[in-house]
Amino acid sequence: MGAVLGLCSMASWIPCLCGSAPCLLCRCCPSGNNSTITRVIYALFLLLGVSVACVMLIPGMEEQLKKIPGFCDEGHVNCDVLVGYKAVYRVCFGMAMFFLLFSLLMIKVKSSSDPRASVHNGFWFFKFAIAVAITVGAFFIPEGPFTTGMMALCNFKCEVTKQKQFRLHLQL
13 MGAVLGLCSM ASWIPCLCGS APCLLCRCCP SGNNSTITRV IYALFLLLGV
63 SVACVMLIPG MEEQLKKIPG FCDEGHVNCD VLVGYKAVYR VCFGMAMFFL
113 LFSLLMIKVK SSSDPRASVH NGFWFFKFAI AVAITVGAFF IPEGPFTTGM
163 MALCNFKCEV TKQKQFRLHL QL
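Be aware that the sequence shown starts at 13, since it is given in this note's numbering, and climbs by one per residue.
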């Protein structure tokens, strides 16, 4: 009986996943502004991506995947790509492409009355599905040049960030 009531309670959230941002978090912060709640949800998307990337780095994860019968044994899945730094690059690439896609979609949106603003502030189920699809698609990119290129790009970005922080520290 409790499971049926819980299922009905969760079913009431389904329209909210395709609607606006305040509908999702109205129980937590009823006085929340639409743009503020949208930012919180995008931050949760990013936090979820970082969490998945951290799980990919857990030592012994490949051994745990090999324990699943028929997963890594029969050659269907290369478990080396699903764990370690290569997987982190692919998850972060998928998240970056998701946010790039939506940042390009929002160019020159000045107000909430723009039709693209409703896409920005709602349709969370579809956005989550797109983010997952892009991230899963990143795992199908061939191994060689992608991993090397991502490693070079990340090393360059880290060096630029270190230089900026160093200059900022010198100004203080």
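Just so you know, even glycine gets a beta-carbon here, dropped at the ideal spot from N, CA and C.
Keep in mind the model is a prediction, meaning the values are calculated, not measured.
### Neighbourhood of Ala-65 by C-beta, 7 Å cutoff - its chain only, sequence neighbours within 5 removed
Cβ within range, chain order: Val-100, Val-103, Cys-104.
Exercise. What separation, rounded to the nearest whole angstrom, lies between the Cα atoms of Met-73 and Phe-158?
Worked result: 22 Å
- Starting from Leu-58, follow the alpha helix (DSSP H) in both directions and report where the run begins and ends. 46–68
* Asked: Taking one C-beta from the stretch 126–140 and one from the stretch 154–173 each time, how about it: are there three or more such pairs within less than 8 Å?
  -> no
Checklist entry - Taking the C-alpha atoms as reference points, what is the distance between Arg-51 and Ser-63? => result 18 Å
For Pro-157, the first and last residue of its enclosing alpha helix (DSSP H)
155–183
C-alpha gap between Met-13 and Trp-136, whole angstroms:
With a pLDDT of 49 at Met-13, under the threshold of 50, the modelled position of that residue is not reliable, and the figure given next carries that caveat. Spanning the alpha carbons of Met-13 and Trp-136 requires a straight line of approximately 30 Å.
Label Ala-143 either buried or exposed according to how many other C-beta atoms from any shown protein chain fall within 10 Å of its C-beta, with 16 as the threshold for buried. buried
request  = Keeping to the same chain, check which residues put their C-beta closer than 6 Å to that of Met-109; ignore five residues upstream and five downstream.
outcome  = Ile-146
| task | Specify the secondary structure class of Gly-134 as computed by DSSP and reduced to three states. | result | strand
- Task: Report, in whole angstroms, the separation of the C-beta atoms of Met-107 and Gly-149, which I expect to be a contact under 8 Å.
- Result: Rounded, the Cβ-Cβ distance is 12 Å, inconsistent with contact.
Practice problem: Give the secondary structure of Ile-119 by DSSP, where H, G and I count as helix, E and B as strand, and everything else as coil. | Solution: coil
| said: Assuming Leu-59 and Gly-96 are in contact, meaning their beta carbons sit under 8 Å apart, how far apart are those beta carbons, in whole angstroms? | reply: About 21 Å separates the two Cβ atoms, so there is no contact after all.
### Task
To the nearest angstrom, report how far apart Leu-116 and Arg-179 are at their CA atoms.
31 Å
Q) Going by the CB atoms, is the gap between Leu-94 and Leu-77 shorter than 8 Å? A) yes
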